Amino acid sequence: MENTNIKQIATDLGLGDQQVEKVIELTSEGNTIPFIARYRKELTGNLDEVQIKSIIELDKSLTALSERKATVLAKIEEQGKLTETLKKAIEDASKLADVEELYLPYKEKRRTKATIAREAGLFPLARLILQNKASLEAEAE
């Protein structure tokens with residue numbers, strides 16, 4: 000487990016690092032929230048079910064955010080368009096929506112049949128067909 004997640008969760012929820020670490024550890028072992036709240040009070044420092052649930056949810060969201068940041072950075076790097084300022088902005092983003100907004104200009108567009116046809120140079124032919132040209136075959140050649 001990353002210490003950055005534990006420290007951030009602890010400061011966000013106003014809990015101790017040890018409490019957060021134990022809850023995440025117990026959850027990863029397969030223990031349920033009610034079990035931890037009732038039978039592992041001594042390990043968590045008497046946290047109730049609401050606090051335990053908020054720790055777990057915050058850990059999941061922070062993990063998902065860091066994974067998405069890594070994916071976005073890798074995809075932009077793959078395109079060769081990653082600058083230092085963009086990299087820093089993505090790494091400093093605190094919300095998933097912010098990461099997606101930064102990634103939007105670099106996101107690969109969906110390839111439709113129309114896109115493939117345009118790339119093949121068929122757009123002028125389509126325009127001629129729509130104009131109902133009499134000498135369509137001659138102009139198409």
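To convert, note that position 90 of the sequence shown is 89 in numbering that gives the first Met the number 0; the numbers rise steadily by one, no gaps.
Glycine is no exception: its CB is placed at the ideal position from the N, C-alpha and C atoms.
Computed from a predicted structure; not experimentally measured.
The beta carbons of LEU81 and LEU72 sit about 7 Å from each other, so the pair counts as a contact at 8 Å. Look at the beta carbons and you see the stretch 45-65 touching the stretch 12-22: at least three pairs across the two are nearer than 8 Å.
Spanning the alpha carbons of LEU127 and LEU61 requires a straight line of approximately 54 Å.
Note that the C-beta distance between ILE89 and LYS68 is below 7 Å.
Contact between TYR38 and ILE75 is ruled out by a C-beta separation of about 47 Å, above the 8 Å threshold. Under the three-state reduction of DSSP output, ARG67 falls in the helix class.
Residue burial is scored here from C-beta neighbours: LEU46 has at least 16 other C-beta atoms within 10 angstroms and is therefore classed as buried.
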